[in-house]
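A quick write-up on the structure given underneath.
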Amino acid sequence: MFSCLNVVVPCYDYTVSVLNLKTGKAQMIEYNDKQLCSGNNEPFFKVKNGNPTVGIHDTSEGKVVVAESALKI
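What the sequence shown shows, in the UniProt record's numbering, is residues 1 to 73, in sequence order.
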């Protein structure tokens, strides 16, 4: 079981950390260079090639993936 936690930063795009509730380990999801600073973002979870993946959509201009990482925790 995983939980997504967010932290607001001055640019309005927030960081997302995923917490494994069973082990207590966490992983931060990085934006890289795709930040749009719109403030209209939502986290997402999907299974990609059998591996759990989390990321962030910027929803100001459709659903643009601004961050995506495979879970390693």
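Backbone N, C-alpha and C define an ideal beta-carbon position, used for all residues, glycine too.
Between residue i and residue j, how many whole angstroms is the CB-CB distance? I'm expecting something under 8 Å.
| i | j | result |
| --- | --- | --- |
| Phe45 | His57 | With a Cβ gap of about 11 Å, Phe45 and His57 do not count as contacting. |
| Glu68 | Thr53 | 6 Å |
| Ala70 | Asn51 | 5 Å |
With a 10 Å radius around its C-beta and 16 neighbouring C-beta atoms as the bar for buried, classify residue i as buried or exposed.
| i | result |
| --- | --- |
| Val18 | buried |
| Asn41 | buried |
| Ile73 | exposed |
| Met16 | Here residue 16 is Val; the residue named in the question, Met, does not match the sequence. Flag for Val16 reads buried. |
| residue 89 | Missing from the structure shown is residue 89; the chain here goes from 1 to 73 and no further. |
| Val66 | buried |
| Gly24 | exposed |
Who does residue i pair with in a DSSP beta bridge?
| i | result |
| --- | --- |
| Asn41 | Asp58 |
| Val65 | His57 |
| Lys46 | Thr53 |
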